[in-house]
Amino acid sequence: MMTSSPSLDIEILPPEASSDTVLMAQIAELVNRVYAASEDGQWLPGATRTTASEIAEFTRAREIIVASISGVLVGSIRVQLLTPERGESGMLVSDPDRRNMGIGRELRRFTIDMLREQGVKTLQIELLVPRDWDQASKQFMAEWNERSGYQVVRKGAFEEQYPDLAPLLATPCDFIIYEKDIQNLRTQRSAG
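Quick note: the sequence shown uses UniProt numbering, first residue 1, plus one each step.
Pasting the structure below:
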C-alpha cells in the first residue's frame, strides 16, 4: 500500500527493507533526534528511543511506515496489531525542518486507512508524559490527539509497564492511553 500527495510519498516498508542498513539507521536517527527534543528532561543524558536493529525488527514485522519527499525520509510511524480488532501506533515523527507540512497528519491518516482495510476497529496511542511537570511538546500531542477524536481511556506508570527502561528516566513519567473508533469514521481530510 502506498499513497502520494504532490510531494509526499507514504508507504509501509516491506520486510526485505530491513536489510537496508542505511535506511534503518536513518529512521532510528530521525526518531531519536525528534524524541531527544520532544522528551527533553524525561530521560537521562545519552538515553535513546530506539536503535537501527530495533527498527529493522519492526520492519521485518511490517510495522514501520515512512514518509518521504523526493526520496528523502521526512517522517515515520510504527503501527502494530494488538488483536485482530485493535491496533496501536507510536513513534510518530516528522523531520523538524519540515514541520507544519502535515507529515504527521498524513502518516496517521495512512495508518488509519490501512488498519480499517484490515478490519481493525480501534486504534490505541500511548503518550509518555512527565508525572510532575508539564512539557510543551507533550501538551501539543495531547491536544492534537483529543482534537483528532482520541479519548483518554487510562493512565499508567511507565515503570510498571517497562521496568527495564525505568532506570533510564530522569523524572517519573506516566503513559496516557488514548483510543479511537476507526471503523465507523467517515472519510475526513482532517483525520488524525
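We put the CB at the ideal spot given by N, CA and C, even for glycine.
Where does residue i sit, in a helix, a strand or coil, going by DSSP?
i: I69; result: strand
i: R86; result: strand
i: V74; result: strand
i: D132; result: coil
i: M91; result: strand
i: V120; result: coil
i: E54; result: helix
i: A157; result: strand
i: L165; result: coil
i: E63; result: coil
i: L8; result: coil
Output the distance between the C-alpha atoms of residue i and residue j, rounded to the nearest integer angstrom.
i: M91; j: S70; result: 22 Å
i: M114; j: Q124; result: 14 Å
i: D20; j: R109; result: 26 Å
i: Y162; j: P96; result: 28 Å
i: I103; j: E146; result: 18 Å
i: T122; j: K155; result: 18 Å
i: E39; j: T111; result: 23 Å
i: R131; j: F158; result: 10 Å
Applying the criterion that 16 or more other CB atoms from any shown protein chain within 10 Å of the CB defines a buried residue, is residue i buried or exposed?
i: T59; result: buried
i: V74; result: buried
i: S18; result: buried
i: A56; result: buried
i: Q135; result: buried
i: E88; result: buried
CB residue i to CB residue j, shorter than 8 Å?
i: L107; j: I10; result: yes
i: Q80; j: A170; result: no
i: E126; j: F175; result: yes
i: A61; j: M24; result: no
i: G119; j: P84; result: yes
i: R78; j: E63; result: yes
i: I182; j: V153; result: no
At what residues does the beta strand (DSSP E) containing residue i begin and finish?
i: D174; result: C173 to D181
In terms of residue numbering, what span does the alpha helix (DSSP H) encompassing residue i cover?
i: E16; result: From DSSP, E16 is part of no alpha helix (DSSP H); its letter is neither H nor E.
i: A36; result: T21 to S38
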